[in-house]
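Residue numbers (my numbering): 277 to 744.
First the structure, in the form of structure tokens, and then the observations on it.
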Ligand SMILES: [Ca+2]
Ligand SMILES: [Ca+2]
Ligand SMILES: [Ca+2]
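Next comes the structure, spelled out in structure tokens:
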């Protein structure tokens, strides 16, 4: 196999997409595709039914990227000029019926102090900087709750792990239901994202890459890093269109679509949407640079414009070029990806009837699994991604295998039974990043994400991660 260039002119890609007969949105006049507004970046979106709260859905979002624990003074605060939000579509039209929004106020209780916090064991100083979160559902204020200080170290924030319980609030005090949390946690995203960014390298199979290097154990390049998280837990009956708790998996009203993003106050005070995330990796791996700005400002109800990028994913071609010894995945007519990622799996997660809509779809009638399989539906576990997303779901491996035509026998069979053509090439089941688990231990109950690494001890970055 000859070595080929991984670079392709954008015009070729655009022509390919246009050839699909699908409308492609007009890119902004000067798109750069770069999200410079770091605070507004949605890291990841998770939604699942936890076995310890089977009547509720937990939705977790992470913000502002990962930060080193010692960088808390500049990285571990929410931006008071942003409106962070989580939306739910419960009738399958791509538009939201429910919006929770989160705005933050920063209070300076000791403006004359040079020190940002007064927590811990210096009794003379009151906390200097206090953040509070105002939680609204459809613009109605539900609660104002305090944000914990970041995990600074044993003198300032001793006993941090048990402290989190003091910062959980009831989401809706009127009905005394649900819970909410906003603050620093371990970044739950795991993966050898550093190697993947280098021409889709799987470090544990680097010898088989078109640019071969010695293979090595995969590293979790997000290990030892913290992030900001906003989490809510909502009773299922408050999410459905008719207020009931669905029990029929195949009923159309059993699945909801979820997405999250942030809006910034623009000139004149209007909110301008600057980011959004539904299913993982759609923006990074499917939407080209010239369209990312428009994508981030968009709404799932108009995502049909982007269907061409699902049907002819550049990622399939890049995987083929990066791993020439693997069977060539289909690079056109990928109705499987448009269906699974953009519309949902018929009978399991399908919501939208027309076009694609980027949402994380969750079937509320599928009971939670006590011992989750990291490959979710691909691993025979119907309570995992792409049916919602649990923090333990290995969305890197799942996505790369779907795109690379390595669906696995049971997932391919499940899709075939509902009329979706999925290909399972045995060799393509090796696609992934060789990293199977997060470094921090999840806590047993809400908000589930692990305790943040403290600024003194720190965490180990690039930690070798388990392959299974
Ligand atoms: Ca709707
Ligand atoms: Ca982590
Ligand atoms: Ca992985």
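The beta-carbon is built from N, C-alpha and C at its ideal position, and this holds for glycine as well.
If you're wondering where the values come from, they're calculated on a predicted model, not measured in any experiment.
Relative to ligand 3, even the nearest heavy atom lies 8 Å or more away from the CB of residue 655. Beta-bridge pairing by DSSP links residue 496 to 739.
In terms of CA proximity to residue 375, 416 leads the group 396, 344 and 416. For residue 470, the enclosing alpha helix (DSSP H) covers residues 469 to 473. Just so you know, the alpha carbons of residue 331 and residue 521 end up roughly 8 Å apart.
With the rule of 3 Cβ pairs closer than 8 Å, the stretch 714 to 723 counts as touching the stretch 490 to 502.
With contacts defined as CB atoms closer than 9 Å, residue 539 and residue 358 qualify as a contacting pair. Residue 536 sits close to residue 361, with the two beta carbons spaced by under 9 Å. Taking C-beta atoms under 8 Å as the contact rule, residue 635 and residue 365 qualify, at a distance of about 6 Å. Assignment of residue 512 by DSSP, reduced to helix, strand and coil, places it in the helix class. For the set 396, 649 and 612, the Cα lying nearest the Cα of residue 682 is the one of 612.
Straight through space, the alpha carbons of residue 333 and residue 638 are spaced by roughly 9 Å.
Remark: three or more beta-carbon pairs, one from each stretch, lie closer than 8 Å, so the stretch 454 to 470 and the stretch 419 to 431 are flagged as touching. Nearest Cα to residue 737 within the set 316, 469, 558 and 666: 469. The DSSP-derived three-state label of residue 550 is strand. Screening all residues for a C-beta within a distance smaller than 5 Å of any heavy atom in ligand 2 leaves 462, 463, 714, 715 and 716, in chain order. For residue 684, there is no enclosing beta strand (DSSP E), as DSSP marks it with neither H nor E. Residue pairing for residue 374: DSSP places it in a beta bridge opposite 364. Secondary-structure assignment with DSSP links residue 339 through a beta bridge to 318 and 504.
Across the set 455, 407 and 477, the C-alpha of 455 shows the shortest separation from the C-alpha of residue 418.
Taken in chain order, the complete alpha helix (DSSP H) segments of 4 residues or longer contained in the stretch 675 to 726 are 685 to 693. The straight-line gap separating the alpha-carbon atoms of residue 591 and residue 731 is approximately 37 Å. For residue 493, the closest alpha carbon among the candidates 485, 342, 503 and 481 is that of 481. Checking the DSSP bridge columns, you'll see residue 457 partnered with 507.
Residue environment for residue 483: exposed (fewer than 16 other C-beta atoms within 10 angstroms of its C-beta). Put simply, of 593, 439, 604 and 371 the residue whose alpha carbon is nearest the alpha carbon of residue 702 is 604. The DSSP-derived three-state label of residue 626 is coil. With a cutoff of 8 Å, residue 405 does not count as near ligand 3, since its C-beta is closer than that to no heavy atom of the ligand. For residue 349, the shortest separation between its Cβ and any heavy atom of ligand 3 does not lie below 8 Å. Annotated three-state conformation of residue 442 is helix, per DSSP.
Taken through DSSP and simplified to helix, strand or coil, residue 489 comes out as coil. Apart from the 5 residues on each side of it in sequence, residue 551 sits with its Cβ closer than 8 Å to the Cβ of 311, 313, 316, 317, 318, 537, 538 and 572 in its chain, given in chain order.
Taking the Cβ atoms as the reference, residue 654 lies roughly 18 Å from residue 619, outside the contact range of under 8 Å. Counting along the chain, the unbroken alpha helix (DSSP H) around residue 590 starts and ends at 590 to 598.
Residues of the same chain with a CB within less than 8 Å of the CB of residue 607, apart from the 5 flanking positions on each side, are 588, 589, 592, 593 and 596 in chain order. Exclusion of residue 590 from the 8 Å shell around ligand 1 follows from its C-beta lying no nearer than that to any non-hydrogen atom of the ligand.
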